[in-house]
Each structure stands twice: as structure tokens, then as C-alpha cells.
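Worksheet: the structure to be examined is printed underneath.
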Amino acid sequence: MARWRRSSAITVSKFLCAAIIIAFYLLYTAFHRPAPSPRKLPLPKRPSIQLESWKNGTGRADEDRREEVRRAMQHTFWGYRKRAWGHDDLKPVSGGFQDTRNGWGAFIVDSSTTLALMGLWDELDLALDFIVNDVDFSSPKGLVDPFETTIRYLGALVSLVDLADARIIPPSIFGLSRRSALIHKATVLGTSLLPAYDSPTGLPWPRVNFTTKQGEADPPEVYELDPSKPRRKNPAIGPARAGSSILENCVLSRLTGNQQFCKSASLAWAPLIWSKFFVKDAPGLVDSPVDIVTGEPVGRDKQWDAGHDSYYEYLLKASLLLSGTPEAKTYTERWTQAASALRHNLSSRASASEHELESHLYAGKLHGPWFVNEMSHLACFAPGNVLLGARALKRPDLVPLGLALLDGCRHVYAASPLGIGPESWSWIPSGGQRAGAFEPKSQRAKDELAQHGFWTAKAYYKLRPEYVESLFYAWRITGQSRYREWAWEAFQAWERWCRTELGYAGVQDVMAKEGEVRLDDEAESFWAAETLKYAFLIFEDVKVASLDDWIFSTEGHLFWRGAGRKGKNSKDKTREKEREV
0 MARWRRSSAI TVSKFLCAAI IIAFYLLYTA FHRPAPSPRK LPLPKRPSIQ LESWKNGTGR
60 ADEDRREEVR RAMQHTFWGY RKRAWGHDDL KPVSGGFQDT RNGWGAFIVD SSTTLALMGL
120 WDELDLALDF IVNDVDFSSP KGLVDPFETT IRYLGALVSL VDLADARIIP PSIFGLSRRS
180 ALIHKATVLG TSLLPAYDSP TGLPWPRVNF TTKQGEADPP EVYELDPSKP RRKNPAIGPA
240 RAGSSILENC VLSRLTGNQQ FCKSASLAWA PLIWSKFFVK DAPGLVDSPV DIVTGEPVGR
300 DKQWDAGHDS YYEYLLKASL LLSGTPEAKT YTERWTQAAS ALRHNLSSRA SASEHELESH
360 LYAGKLHGPW FVNEMSHLAC FAPGNVLLGA RALKRPDLVP LGLALLDGCR HVYAASPLGI
420 GPESWSWIPS GGQRAGAFEP KSQRAKDELA QHGFWTAKAY YKLRPEYVES LFYAWRITGQ
480 SRYREWAWEA FQAWERWCRT ELGYAGVQDV MAKEGEVRLD DEAESFWAAE TLKYAFLIFE
540 DVKVASLDDW IFSTEGHLFW RGAGRKGKNS KDKTREKERE V
């Protein structure tokens, strides 16, 4: 009996303990409920820029045409290698050379990213060896132009590192030692350029003296070459020269961790972006040039053309490269305003000619209140930039503007007997628009206007890339095959009229008849850095150098967008492996 009582007591005790524990647990959970797990929000998806649906294999490489462009690059490289190695540019007719970019081998550095994309590894190995071992960026020939130096030299150096990090360039060509050496070279150059931004407003000086480490005004020879250039109390600078360094310098800051480069370049265009002198009748455009001491405009030119072009180009591209930063929203707003001004204040449809049933859209200029009905080849970058913005910023209403301007650029190519567009041209604005500043005066101009609906203001061609650059954007964004065909037409024209024994040369008059064509004995590095690169990429597989992953500088160098994407570009890795095989 005692054993049973002891057993019962134990059972009751266990029951009471369990009950107490359960009661305590219920009370605890009632008053101490755990916080719900935070819901994982999906990361914002970056808008696709390239066409997403390429049907029936249309996005694959056109291998035959791609290889033709590749051979043109090889012809260009080896002609330069034979006669001008180490100098800035080859003279493609006489076989001489010139050093107009401080004697650092501008062609070698500027063309290097094109060699990488084309998989020309032997040529790239030579170029990298020269850059690493033979270029001394601390010792230039003469004063340094910070604009040209940044876009051609600094942009190429940091782009090479990005291309290597993305495995576009195989490790066998670009190892860790070369990577370190190029970052060091870029740092030396970027540091030497910093005095350019040491002005009262942050706007860059037109020149930098690397010996005194100070910014300077334009040298006397600039005024000798262009007597119409006004001499002012203080140095003045145009929007393009002030606002075309932020991409290159911010990439250098990313690679080095030194934010001074990005900061200085950002301050350099701040007087333009946050200007109190905005044009009221054309919001988004800035008057030019601008006094670097006061920050006030000392001219009344407003345009998307020469001297202004890459400022507007970089507003959009900086907003993409630096997306997520406080400034990116402002850059986007300024670009959107400028694109609207391009549409409403600068674009002009030409009156139809006697022989042309269709009129074409061109981008003019504003000089004070006056409309200037002239467009240069440089402004043919605008169609591609507008199309890029239309996709990246989800502004489909801008697509017709970009395509119409591109059609106008194509027309001046198609109308030329050589199939090559001129340096600049004019037209008569169609009815209902303001009168233009220019009218045809010579008999040649009147004949060209009657035949084509425009007349050439400057008839030469300097191997410029802007037309084929916009064709590249149009092809990658719309997938319309006609843009590939137009690019092929242009390439065939270059092959027929510009090719020399040692390379390719500019044409003195694109309206000349067969048998009367004369060449200029010069070829700037942008022929290899941009013109051939864009032509090649038009015929390459659309997965290579995708606009969703890369941003192209104003000199055609590629910078990795990185943020918002998963790891390295596997598509580009695939292409690199295919090329190695």
C-alpha cells in the first residue's frame, strides 16, 4: 500500500510539474510573441536595354561580314606597326607619323579595347607590352588636353581592366602582373590630370602642365589654328570638355578605392548641371562656352553638336553607371530635359527637294534666339544616345525621335556618290518652322539642295564613328535588319574609297565623282577605337558586349555596369572561351 501511495504521489507530482510548465509556456508565448520574419522583397529589376526576343537566330553573328571588319582592323594595326609604332598616329598615305596626343602612342592605347573585343590576341599582346613597358604618362610632349587624354588614354586603361576582369581577355594575355601595372599607369595618369580641376569653380582648365602640376589656358597655337576663336579675360570651356570625364574617373575610383578621381570629375560638371543660368526657352540645354573662373556663360550657343555633344551623352550614361547614387536622379532629369529640347527646339525637318519625295529630320543649333540649320557628323551620335535613353529610362515616346534622326544621318550617306557622309551639312527648314541662318550661295550648294534636300558645308570625311555608332544602338535595341545593312554599306564604302596600302585615310570631298577622289593623309585613333569597333559589334553575336552589361564611353571604351547583375557576364565568358578555341 505504501509503495502504491508513493507511486501515486510521484505521478501527481509529475503531472503538476508538467501542468506548471505548460501554463508558464502559454503565458510566456502570449506576452512574448516572436516578431514575424521579414518578407524578402525582390530586388528591383533593371530595365532591359537590348531587344529581348531575337527570333529565328537573327541575333547571331554574321560571320562573313564580321571577319571582313576584323581583317580591316588587322590591316590598320599592322600598317601602323610597320611605319609609326610608338607614335600617336600613322599618316596612312605617305607612311609618316604624327604626335598630336603628347607622344604616348595614342593609337596603341586607344585601339587596345577593339583588339580585345575582336580576339586579336597577338596584336593585343604587343599593345599591352608597349603600354606596360614603354609609356611614361608622367612625361608628355607639350601641354596636356585633359578632355582628349581622359577619353582616349585613361578610358582605355580602365576599360582593359574591366574587360580582363570579365574574362573577355583571357588570363594568358592579361595576367595579374599586367593588371597591376595598368592600374598603376591609370593612377599615375589620373593623378597627373587632377590639377585640371583646380579652378575656382571646379570646371577644368583647357590644358594641364605636368611639369608645374598646374592648369593653364589654351596655348597660342590654338588661336593660330582658329583665328575666329575669341580671346577672353578668363579661360572658357565648352560643355563637352567639362562634362566628359566622369565615367572614366569614377571607374578608376572603383578600381583603386581612391574616390578623389570620381569626386573631381563630378565637381567638374556641377556648374553645368546645377547651373543658375539655365536657358528658359529650352530647358535642359546650357549656354556655352562657360567661364571657368566665374561659372557664367560667355557665349550663347546651345546644341547637341560639336563641343557640346558628349556632355549630354554622359548625363545619361553617368546615371546608368552610378545608378543608386543621390546624383543619378539629377543626371537623369537633366538628360530627359535635354532630350526634350533636342526634339522641340533643335530638330528640324528639311523641305523636300525636287528629286526627294521624303523629307528628313536633322538636329540644328541655337545661337541666342537664332536657329542655325547646320548639323555635323559628330551630332549623328545623338540618335543612338536617344535610343539608349528611351530603353534604359522606359521612355518609348523617344524612340521615333532617335530613329528619325538616324534616318537623316543615313540619308547624307546614301546621297553621297561615295556612300560616305560629309563633316557637316545644311538644309532649308520645312514650312511652318523658323527660318534658318544659312542659305545655299554657291552653284554647287544650290545643285546639291535641289538633288538631295541638303548641301554640304564641309565636304570632307575624317573616318568618324558617330553614324555607325548609332547604327549599333539601333540594331541592338530594335533588331531591325536594315541597320545591319546600312552598316555594311558604309563599311564597303570605306573599303573602296578610304583603304590605302598602310591603313585607311579620310576623304577630302565625299561628293566627288569617281576618278576625282582625293585622300587626306591622316587617320585619328578613333578610327580603330570606335568606327571599326562598332562596325564589328553590329555583325557580332548580340550577346557580346551587351548593352545590358556594359556602358560605352564617348571614345567607345567599355565599362562594366556590374551593380544589379549576378556575377560576371557569363555570355561574354562563353564568347571568350569560343575565341580561345
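Just so you know, numbering that gives the first Met the number 0 puts 563 at position 564 of the sequence shown, and the rest follows in order with no gaps.
We put the CB at the ideal spot given by N, CA and C, even for glycine.
Nearest neighbour of residue i, chosen from the options [CA to CA]
i      : options                           : result
Leu142 : Leu123, Lys212, Pro270 and Ile291 : Lys212
His183 : Tyr222, Glu122 and Leu251         : Leu251
Lys279 : Asp63, Ala337, Asp304 and Gly306  : Ala337
Ser111 : Tyr152, Gly420 and Glu62          : Tyr152
Lys512 : Gly430, Leu417 and Gln442         : Leu417
Met72  : Val543, Ser243 and Trp526         : Trp526
Pro219 : Pro205, His354 and Pro464         : Pro205
Leu284 : Ile272, Ala544, Leu193 and Val516 : Ile272
Phe558 : Leu192, Arg390 and Val160         : Val160
Gln442 : Gln450, Ala436 and Gly435         : Gln450
Asp286 : Gly367, Asn208 and Ser339         : Gly367
Arg342 : Gln258, Lys81 and Leu360          : Leu360
Gly514 : Arg495, Glu523, Leu501 and Lys532 : Arg495
Ala235 : Gly201, Lys275, Leu89 and Ile167  : Gly201
Leu162 : Ile150, Ile107, Arg390 and Arg178 : Arg178
Ala216 : Ala378, Asp144, Lys140 and Val543 : Asp144
Asp63  : Thr553, Trp549, Ile537 and Asp548 : Ile537
Residue burial classification, residue i (beta-carbon count within 10 angstroms, cutoff 16)
i      : result
Arg560 : buried
Ser171 : exposed
Leu224 : exposed
Ala239 : buried
Ala504 : buried
His354 : exposed
Tyr222 : exposed
Ser263 : buried
Lys461 : buried
Pro325 : exposed
Extent of the continuous beta strand (DSSP E) to which residue i belongs
i      : result
Gln213 : Gln213 to Glu215
Glu373 : Glu373 to Ser375
Arg348 : Ser346 to Arg348
Arg206 : Arg206 to Asn208
Unbroken alpha helix (DSSP H) run spanning residue i, endpoints
i      : result
Tyr361 : Run containing Tyr361: none in the alpha helix (DSSP H); it sits in the beta strand (DSSP E), Leu360 to Ala362.
Asn248 : Ile245 to Thr255
Lys262 : Gln259 to Ala267
Asn384 : Ala381 to Ala391
Ile107 : Ala105 to Met117
Ile130 : Trp120 to Asp133
Ile537 : Leu531 to Phe538
Ala528 : No alpha helix (DSSP H) holds Ala528; DSSP gives it neither H nor E.
Asp63  : Glu62 to Arg82
Asp164 : Gly154 to Asp164
Ser322 : Where Ser322 is concerned, there is no enclosing alpha helix (DSSP H), given that its DSSP letter is neither H nor E.
Ile476 : Glu465 to Thr477
Ile167 : Unbroken run through Ile167: none, as it is neither H nor E.
Spatial distance of residue i from residue j (CA atoms)
i      : j      : result
Trp487 : Leu345 : 30 Å
Ser318 : Arg333 : 10 Å
Asp519 : Arg65  : 27 Å
Pro428 : Gly363 : 10 Å
Asp124 : Val467 : 27 Å
Thr57  : Gly478 : 8 Å
Ala456 : Ala105 : 30 Å
Met117 : Glu539 : 9 Å
Glu447 : Phe551 : 35 Å
Arg69  : Glu465 : 19 Å
Thr75  : Gly306 : 28 Å
Ala403 : Pro382 : 8 Å
Leu193 : Glu312 : 22 Å
Leu50  : Leu387 : 11 Å
Pro91  : Arg80  : 12 Å
Phe209 : Leu254 : 23 Å
Asp133 : Pro439 : 51 Å
Ala489 : Phe380 : 16 Å
Residues bridged to residue i (per DSSP)
i      : result
Ile550 : Phe558
Phe96  : Leu89
Trp424 : Met374 and Thr455
Gly505 : Asp519
Tyr460 : Val506
Pro296 : Val289
Arg498 : Tyr503
Leu365 : Lys301 and Phe370
is_contact[residue i, chain D] using C-beta, thresh 7 Å
i      : result
Ser469 : Among the chains of the structure shown, chain D does not appear; only one protein chain is present.
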